[in-house]
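K.L.:
Residue numbering for the first sequence follows our numbering, beginning at 4 and increasing consecutively. Virtual Cβ for every residue (Gly too), placed ideally from N, Cα, C.
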Amino acid sequence: MSPNQLSDRYNPEEVETRLYSWWEEQGFFKAEDVSTRPPFCVILPPPNVTGSLHMGHALDHSIQDVLVRWKRMSGYNALWLPGTDHAGIATQSVVERELRKEKLSRQDLGREAFEQRVWQWKEQYGSRIVEQMKRLGDSCDWDRLKFTLDKDVSKAVRKVFVSLYQKGWIYKGTRLINWSPQLESALSDLEVEHREVKGHIWHIRYPLADGSGSLVVATTRPETMLGDVAVAVHPEDPRFQDFIGKEIELPLAGRRIPVIGDTYVDREFGSGAVKITPAHDFNDYEIGQRHQLEMINIMERNGTLNESVPEAYRGLTAGQARNKVVEDLEKAGLLVEVEAHTHSVGHCSRTGCVVEPLLSEQWFVKTSELAVPAKRVVESGTLRFEPETWTKTYLHWMSIIQDWCISRQLWWGHRIPAWKCEDCGQLSVSEVDPTQCSHCGSQKIQQDEDVLDTWFSSALWPFSTLGWPQETEALKTFYPTNVLVTGHDIIFFWVARMIMAGLEFCKDVPFRTVYIHGLIRDAQGLKMSKSSGNAVDPVELIEKNGADALRFTLISQLAAGRDLKFSPQRLEGYRNFMNKIWNAARFSLSALEGFEVPKEGLEALPQKADVSAADQWIVYKLGLVEGAVDEALQSYRFADAANAIYNFAWHEFCDWYLEFIKPVIYGSSEGEKKATQLVLAQVLNRLMRLLHPFTPFITEEIYQKLPIKAKESLVVESFPTPRNDKQWLSVGSEEVAFAVDLVREVVTAIRNIRGENRIKPGEKITARLVPESAQVQKLLGDNRHSIMSLAKLEVCEIGPVDSLSKCAVTPVVVGEVRVDVVVPLEGLVDIAEEIKRTKKSLEKKHKEISQLQSRLNNDNFIKNAPEEVVEQGRAQLDQLKAQIQSLEDSLARLR
RNA sequence: UGGGAUAUAGCUCAGUUGGUUAGAGCGCUACCUUGACAUGGUAGAGGUCUCCGGUUCGAGUCCGGAUAUCCCAACCA
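1. Could you check whether S460 and V45 sit closer than 8 angstroms to each other, using their CB atoms as the reference points?
2. Quick one: complete beta strand (DSSP E) runs, 3+ long, within the segment 324 to 387?
3. State the Cα-Cα distance for the pair T724 and A462, rounded to the nearest angstrom.
4. Around the C-beta of E364, are 16 or more other C-beta atoms found within 10 angstroms, so that it is buried, or is it exposed?
5. Grouping DSSP H, G and I as helix and E and B as strand, with all else coil, what is M531?
6. Confirm, please, whether the CB-CB distance from L890 to S857 is below 8 angstroms.
7. How would you call F272, buried or exposed, if buried means at least 16 neighbouring beta carbons within 10 angstroms?
8. Return the residue from the list A550, P571, L683 and A835 that minimises the CA-CA distance to Q527.
9. If you count every other CB in all the chains shown that lies within 10 Å of the CB of F656, and 16 or more means buried, which is it?
10. Answer with buried or exposed for Y316, where buried requires no fewer than 16 other C-beta atoms within 10 angstroms of its C-beta.
11. Of all the options V375, L102 and Q95, which has the alpha carbon lying nearest to the alpha carbon of K125?
12. Taking the straight line between their C-alpha atoms, what separation do you get for D566 and K763?
13. At which residues does the alpha helix (DSSP H) containing F514 begin and terminate?
14. With a threshold of 7 angstroms on Cβ separation, who are the neighbours of W659 within its own chain once the five nearest residues in sequence on each side are excluded?
15. Go ahead and pull the three-state DSSP assignment for H203.
16. If you run the structure through DSSP and keep just helix, strand and coil, what is M302?
17. Buried or exposed: D492, going by 16 or more other Cβ atoms within 10 Å of its Cβ?
18. Go ahead and label I403 buried or exposed: buried means 16 or more other beta carbons lie within 10 angstroms of its beta carbon, across all protein chains shown.
19. According to DSSP, which residues form a beta bridge with D213?
20. Buried or exposed for P869, please, with buried defined as at least 16 other CB atoms from any protein chain shown within 10 angstroms of its CB.
21. How about R757 and E800: do their beta carbons lie closer than 8 angstroms?
22. Between H283, G291 and D240, which lies nearest to P261 when the distance is taken from Cα to Cα?
23. Quick check on DSSP: helix, strand or coil for C424?
24. I'd like the ranges of any beta strand (DSSP E) spanning at least 3 consecutive residues and lying wholly in the segment 72 to 155.
25. Drop a sphere of 10 angstroms on the beta-carbon of D862, count the other beta-carbons inside from all chains shown, and report buried for 16 or more, exposed for fewer.
26. Quick one: Cα of H89 to Cα of L152, how far?
27. Between the Cα of E596 and the Cα atoms of L605, L681, Q610 and K533, which residue gives the shortest distance?
28. Kindly indicate which three-state DSSP category F864 falls into: helix, strand or coil?
29. Based on DSSP bridge pairs, tell me the residues matched to E194.
30. Decide if P420 is buried, meaning its Cβ has at least 16 other Cβ atoms within 10 Å, or exposed.
31. Apart from the five residues just before and just after P6, which ones in its own chain have a Cβ nearer than 6 angstroms to its Cβ?
32. Let me know the secondary structure DSSP gives P241 once reduced to three states.
33. Among P666, H442 and S166, which residue has its Cα nearest to the Cα of C427?
34. With a threshold of 16 other CB atoms inside 10 Å of the CB of A878, please say whether the residue is buried or exposed.
35. Please list the terminal residues of the continuous alpha helix (DSSP H) segment that includes W458.
36. Between which two residues does the alpha helix (DSSP H) carrying W585 extend?
Here you go:
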């Protein structure tokens, strides 16, 4: 294989790993802390350190890589800052599962040993996700790789915590929170998934303590009656006027509780009377606070009932207790009715277990103040969502935002920097580990056992990764970052919290634009998940089809903010596209054998006299695609950009240009060949540059073999746009391009006649082209050779026709220009077939003309439509009439 | 219950501010190993743009309503 040749077959696996390590070695992805170039920064949403790459990452990263590579090629000091997340719950669960295999629990190991065990796990497996990101081609600056538990990140976390605590925006309090009995930890509201569950409503009779009667309450959770502290009715409900103020003898529990009036109660629902369990229901909690009711917590951390309930129920799980309570009520004759009922139940988004509302002491972030500027920057447009429709979602959520429960009863994560004094009971909150109580000086202090919600450290990610709280050069250069790319599923979890934290601690937005993309679904539109078995592994897809094909598939399907369905057929299609590119390059390089590179390199222009129409055409089309891609990328329309290049590469460059130039390359005119070679080399170079952000590997591999190239690598090449490519693009010509488009239409018309009449592709035929003017006649004459070779003609006559006897005729119209393509069929085909074909196209034309005519006959149209639209219509009518005339003539001669 | 979307070819989706004959990819049919590529080439079939109204000379596009599907949030004693 000579150095300027490519192997017969594209082998993505070999090429991709080789090129990626080379890029990395060369440091092409590195950004500068200080630079004269304008900064462009994207912060990678840190994937779970113990996870593996899934399709969501593949999409998210492909978008970011396109953006970053494009900006890097456009002259920016582009930084894509990578990192991984410690993912408290997920990672701890994985390691606990490992331990269970050894019949151990984390408690057996103890906190310190367990933490060490997780670190070991991280050291061992934490690099897998990074390796997989490299397989995809992510052009991150890996020297800056951060982990959410890195020392400097921890410092940032503590500083933020202390600062908010001192402002009173972080507080500790006993609240009703979401509790996962399986994790034995608190959860934030966002970590609770509500699912519709089929259950029952039990109607239970509660007797009055004075024996004067009873009332019936309805509940979906009878077991919680053991924690009831009141029964509430609507204060104006006539049925219960006499009950308010009386006491109930609470069955099974043996306590007395009051009947209270509260307007929260819906008179229409259930029995109109509600049992109140403030420690285990969010609404009841509110009512409990309003009426200063006692709160009886009946549940242990693991979800079983505690000593606050009668002995018979202690130790039972909620489910077991429910059965027993119902059974006991039935025995006591207090169960009035059981109805089927579907209601939504909170489930732990991690474990899937049912979440219990539980009264518990936890840490919270007060969000009311933080939310105000976070809303304002979005309202004012300082921070933009792309697509814009997510703005509303964001603002709506920010207006109903609740305080954020940030403490987790886990061991893996940032431990809360608060120490409780055994002597005075006060808390010391400090950035550095204190040795004594800040209130009484006692040395008997104990650090809080809890760790912070993983999203707490994620909220600081845009500045903690850049060195904050130190005023690093990187922070100065890259904050605020430019674009955040993420899925709409974590707008609240992450995006909103980053905005609040960024504004509070860096006094500026963390990023200018949030690009929201959809989620990947399977071909049927279902969510991909391991449990339902429909998840596809992007690494497998990369191994089979190459990273480029996968990236292009995802990007080309990207519809603004909408979920996208992944189909293997589509991937196959784009793998074929990669193959097409590869072979086009192979052919081009062979056509460039013996080509002498002009010393002007990329700026070299061909001799004007030698430039063919096809050359001017392809350069003109290149200019169009460069413009379209530039515009699409500027406005985040990645799919439009990808598809524009696809169309140019396949249907203009390959289908037509390479076919046009074959006779020139194999021909004898040296001057023409030289000019075409130069154009070919230049166009191929630019095509590789255009395509590179989307498909970095194959383009780099080809680029390395190009005779004309300016840089060592495409990564650091410039991105072609009509602005910076102006001189070269002047080789193209719109008028000539128009002529070539006419030639393409003529060739297609001849091929159509051949195809429809089943004329063998190999059979050489004669065609006559009848131009409507001398100008068009010259235009066709100039391109006669192209037409002959592309349409496989033996004879190509151009000029007026003397006889249409037994001829197929197709009128060809491009713009305002018309040519009749005439192919004599005598002896070639069954004339009946041709009559059918002609009739079909006549029918179509008649339909068109009648539509057009009725429009032109409408006075209102003539009056109201813009002049050029009317003019256009009239010109078209004339065209149609002429075309119909030609077809009628030929039909007459066929018979 | 509230908010947000979507409805265009068999499938997945484009269709900018209303303006000729509504496009692409995949799939399908026919023909073809012509010198980069059969992961290819050429040609073709296939659409009452969900339905009903309205605005307009003109609606896939704008407005109202209906239906269906999806997502998010809240709530359902």
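P.N.:
With the structure as the only source:
1. no
2. 338 to 351 and 359 to 368
3. 37 angstroms
4. exposed
5. coil
6. no
7. exposed
8. P571
9. buried
10. buried
11. Q95
12. 46 angstroms
13. Here F514 belongs to no alpha helix (DSSP H); instead the beta strand (DSSP E) covers F514 to H520.
14. R747
15. strand
16. strand
17. exposed
18. exposed
19. In DSSP, D213 forms no bridge with anything.
20. exposed
21. no
22. G291
23. strand
24. 80 to 84
25. exposed
26. 7 angstroms
27. L681
28. helix
29. Its beta-bridge partners do not exist; DSSP assigns none.
30. buried
31. Residue placement at P6 is flagged as unreliable, the pLDDT there being 42, under the threshold of 50; the coordinate-derived value follows with that caveat. Around P6: no qualifying Cβ.
32. helix
33. H442
34. exposed
35. T457 to A462
36. P571 to A594
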